[in-house]
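Q: Residue numbers (the numbering used here): 151 to 544. The structure under discussion is supplied below as structure tokens; questions concerning it will follow.
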């Protein structure tokens, strides 16, 4: 396995992805010679405006949307905030938001702030999840009220990979006249999406999760949805998001969406097979290990495994010695030693939640890399358990 050990084994793709070579090639002209402002009247800027329009069409294609429904933003977090705050400003008489206990911090923190920083002007219902991380649909239906302005539920969880029934949830919200937003940052490119058949009003995505650069995202706004901009200023993005467009990154995102569509079948076959092999090897080769999340309703690339009685941060440090990259909790919160809020919401025992590692694969991973991780992980866990006061007697 020495050939693998000479390079990084990267299985942290839910945190960020490498920029695809084809995406870099598509971006380069707009980082060098074609630097015009797409809003300019002259031809030099106008040709740049045309490529932004073409990228918009490519993003719309992967979502099953219309180009006019696509608004470019700086990231998934901006898209999430824009959607939720727009709903609250559109319907100021409504003060209730429905979300879940397992959302990404981009939604979780905003909802926390809506309560605490406004003197509890707004009320937030956070839906519980079961031991596999799934939502109780009866509880969801009961949470919808005449005071609910918006529902925000992620399409797929960034830590466990769980896929949520947002199609059905959106239809239920729509039937009550409630706006529905989904953070689809982890779902886009991994599972088929056809928004023209769904009752989803807002959808967020982020470029750097699908092999495009960091610093570009999208907010889908369904045609006819009432909307109040978050960032005002210029007339860009149909007046929905002020600020000169990040042209090179937008072009890169468009190319990345093309590639993701082409490779989705591979994501759901070869990548899933690699993930399943990794899970089987680790769960059978290491005692007191467990899979966190639903066994089947899950992204094809994501595996969250707990190794009981050891600390996740310590596991990552030892994995790093072998150039293996993964995560413990989400990248946006992994600087904290607190166990994942997602695993806590699922009722994962303390000793298991602290020892959770998320492996998230991509089409660029190989079977040789999976074999390498299966080879190295048992010794890492054995070493750390020998030092753990919680392991004694287990």
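A virtual CB, placed ideally from N, CA and C, is assigned to each residue, including glycine.
If you follow the beta strand (DSSP E) that residue 331 is in, where does it begin and where does it stop?
A: 329-333
Q: Answer with buried or exposed for residue 164, where buried requires no fewer than 16 other C-beta atoms within 10 angstroms of its C-beta.
A: The Cβ neighbour count for residue 164, taken over all protein chains shown within 10 Å, is at least 16; the residue is labelled buried.
Q: What number of angstroms, rounded off, separates the C-alpha of residue 279 from the C-alpha of residue 285?
A: 5 Å
Q: How far does the alpha helix (DSSP H) with residue 266 in it extend, from its first residue to its last?
A: 255-266
Q: Between 410, 381, 183 and 442, which has its C-alpha nearest residue 512's C-alpha?
A: 410
Q: What are the boundary residues of the beta strand (DSSP E) that residue 290 is part of?
A: That residue, residue 290, is in no beta strand (DSSP E); its alpha helix (DSSP H) goes 287-293.
Q: Kindly indicate which residue of 270, 506 and 385 has the alpha-carbon position closest to the one of residue 460.
A: 506
Q: For residue 423, is the classification buried or exposed, using 16 other Cβ atoms within 10 angstroms of its Cβ as the cut-off for buried?
A: exposed
Q: Rounded to whole angstroms, what is the Cα-Cα separation between residue 211 and residue 372?
A: 14 Å
Q: Could you give the DSSP three-state label for residue 377: helix, strand or coil?
A: For residue 377, the three-state secondary structure derived from DSSP is coil.
Q: Looking at C-alpha atoms only, which residue of 466, 197, 184 and 214 is the closest neighbour of residue 348?
A: Relative to the Cα of residue 348, the nearest Cα in the group 466, 197, 184 and 214 belongs to 214.
Q: Using alpha carbons as the reference points, say which of 221, 494, 538 and 365 lies closest to residue 283.
A: 494
Q: Could you tell me the distance, in whole angstroms, from the CA atom of residue 171 to the CA atom of residue 405?
A: Straight across, the Cα-Cα distance linking residue 171 with residue 405 is about 10 Å.
Q: Using the three-state DSSP reduction, which class does residue 358 fall into: helix, strand or coil?
A: helix
Q: Among 292, 259, 514 and 531, which one has its Cα closest to the Cα of residue 438?
A: If we check each option's Cα against that of residue 438, 531 comes out closest.
Q: Can you grab the Cα-Cα spacing for the pair residue 518 / residue 412, in whole Å?
A: 24 Å
Q: Under the three-state reduction of DSSP, which class applies to residue 205: helix, strand or coil?
A: If DSSP states are grouped into helix, strand and coil, residue 205 belongs with the helices.
Q: Measuring straight from C-alpha to C-alpha, what distance separates residue 539 and residue 465?
A: 16 Å
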